[in-house]
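Numbering (the numbering used here), first residue to last: -9 to 585.
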């Protein structure tokens, strides 16, 4: 059914413009009626009308309103034009060949498009209901009044423009948020770098010599947020002793982070200038630290922290703990001792303090932690403090303790977690093993087979862990042979691997005089889980400690062995003289030892 428009027209339309068109039923010019607006002049209108007279009239009446008017004489042509030109609005008759107005709108909506559609139709309940269900934007009843049509077009055009303004503002807000997110990410990364710079570990992955044993210090540092309220510092002093600082600032967020960074920085500054002191002692450092806190802390603010002055030549330490959990000390026989600090938290005013002296002569390892660990909620209820001693008794390494902690606690809103672990590397053992391989790859393989057979005779270990130990030894001995005995640098190894048959080329390289490799292993049963301690020594210049945590480039073939050892073992240390790799691996003992 073609559109029917009731209006009076002059005998000939004037060439001037549509302003001369009279308003239907009034005889007055419709100049104001079809005047363009900023809203409509920015848009394109698609008109779908099969009646040529009505189509021409609609075009004539709207061409001054819109930037462009597209005309279609049937529904299919309208759909093609819509998809090709993407108009801003659609004015369509209902009854047309090809596609009806409803079918045209359905096809437009099927593409996910929300372009406004104005339907010209006679009032028919079924058609109106269907149009509403399909999301029609406006109806124009037929026969229609031109003034009503123009008002409808102007209203819809204003809605389109307003919606786009809102979308543009939303996009600008999203872009602003992205910029803020990027800015915040940069600031967070800067804060993280600053925290890493303030935190020190002079002895990371290093073997520390003592009077009767070698030692090492591990730290597990897990901030809840980038701006962390925990901090630590492990420093090697000029006189051969070690000084450790652990801090847990009150609260969280920026304030706690600033307190932690300021106090850790002050501690590091004092350590860097200890050579100016005539006689260094822990009590004097604590007095200076308290004086500094008077200018940093608020009156209502307190600070939990701990100081350890370690003397491995005398095998003793001095400890001053301020509102930190007690030290946990394991003796070589497996017994556990708690050493409380008995000092309240530090404040902006000075208070007397106590310093504990602890003998390390028969100590196996020692644990100092922040209350973020002890107060962590358990899955079954309670807090981790209730089972900490049990887990410490069961696991001989910090890595093992961390795994048990993560399996017990309720994930979610945890506090900052800091754990420092001082451990003896030379432990009494009823089982030791040593050997030297022939200096070739086949000889290394035979040595590994002999060691695994001896270990299997001593203790029952799951096959997966035996495979892991085999891989650790293979990588460690290969590293000792290539870099320690042959002196291959990373770049040289990369070149040889890329040039062809690496093993053949390796066998042609001459061994320097005095080249040697040795393997030593002990098994310590001072914890519920046995601890395997492996030493690989070679005649080379040694592995820098930085190589153990520097990793390797993604495409580099060098450095992967050390990275693999680090993933498979509990701890990895290096120390001279010569090439010396010290590896700790906790074993899961079977039901009974092998005969």
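For every residue, glycine included, the Cβ atom is placed at its ideal position computed from N, Cα and C. Here the structure is a predicted model, which is why all the values come from computation and not from measurement.
When the Cα atoms are used, residue 332 and residue 272 turn out to be separated by approximately 17 Å.
Per DSSP, reduced to three states, the secondary structure at residue 293 is strand.
Exposed is the label assigned to residue 339, since fewer than 16 other Cβ atoms lie within 10 Å of its Cβ.
For residue 525, the uninterrupted beta strand (DSSP E) segment begins and ends at 521 to 528.
Closest option to residue 445, judged by alpha-carbon separation, among 460, 485, 435, 432: 460.
Residue 342 is positioned such that its CB atom lies no closer than 8 Å to that of residue 312.
Under the 8 Å Cβ criterion, the stretch 298 to 308 counts as touching the stretch 198 to 218, having at least three qualifying pairs.
Proximity of the stretch 437 to 451 to the stretch 389 to 400 falls short of the contact definition, fewer than three beta-carbon pairs being nearer than 8 Å. When the Cα atoms are used, residue 40 and residue 47 turn out to be separated by approximately 12 Å.
For residue 222, the enclosing beta strand (DSSP E) has its first and last residue at 220 to 226. The beta-bridge partner set that DSSP reports for residue 333 consists of 312.
Secondary-structure assignment with DSSP links residue 328 through a beta bridge to 318.
Contact check between the stretch 559 to 579 and the stretch 183 to 200: three or more CB pairs, one atom from each, fall below 8 Å, which counts as touching. The beta carbon of residue 469 sits closer than 7 Å to the beta carbons of 551, 552 from its chain, once the five residues preceding and following it are set aside; these are given in chain order.
Taken in chain order, the complete alpha helix (DSSP H) segments of 4 residues or longer contained in the stretch 85 to 171 are 91 to 100, 115 to 124.
Under a 10 Å Cβ-count criterion, residue 408 is classified as buried, with 16 or more other Cβ atoms of the shown protein chains found around its own Cβ. Counting of Cβ neighbours within 10 angstroms places residue 307 among the buried residues, the total reaching 16 or more.
Residue environment analysis places residue 259 among the exposed positions, since fewer than 16 neighbouring C-beta atoms fall within 10 angstroms of its C-beta.
In the three-state reduction of the DSSP assignment, residue 469 falls in the helix class, which pools H, G and I. Rounded to the nearest angstrom, the gap between the Cα atoms of residue 532 and residue 433 is 22 Å.
Exclusion of the five residues before and after residue 406 leaves 213, 214, 218, 219, 220, 362 as the residues of its chain whose Cβ lies within less than 6 Å of its Cβ.
Here the alpha carbon of residue 310 sits roughly 5 Å from the alpha carbon of residue 297. Out of 507, 32, 138, the CA that lies nearest to the CA of residue 51 is found in 138.
Of 559, 558, 280, 110, the smallest CA-CA separation from residue 257 is found for 280. Burial of residue 483 is indicated by the presence of at least 16 other C-beta atoms within 10 angstroms of its C-beta. In the structure shown, residue 497 adopts helical secondary structure according to DSSP, grouped into three states. In this structure, the beta-carbon distance from residue 136 to residue 78 does not fall below 8 Å. By the 16-neighbour rule on beta-carbons within 10 angstroms, residue 91 is buried. Apart from sequence neighbours up to five positions away, the residues of its chain that approach residue 71 with a beta-carbon distance below 7 Å are 36, 60, 62, ordered along the chain.
DSSP places residue 377 inside the alpha helix (DSSP H), whose first and last residues are 375 to 384. Residue pairing by DSSP places residue 82 opposite 38, 109 in a beta bridge. Here residue 58 is bridged, per DSSP, to 34.
Around the Cβ of residue 254, a 10 Å sphere holds 16 or more other Cβ atoms; the residue is buried. Secondary structure of residue 286 (DSSP, three-state): coil. Here residue 31 really is in contact with residue 57; their C-beta atoms are around 6 Å apart, less than 8 Å.
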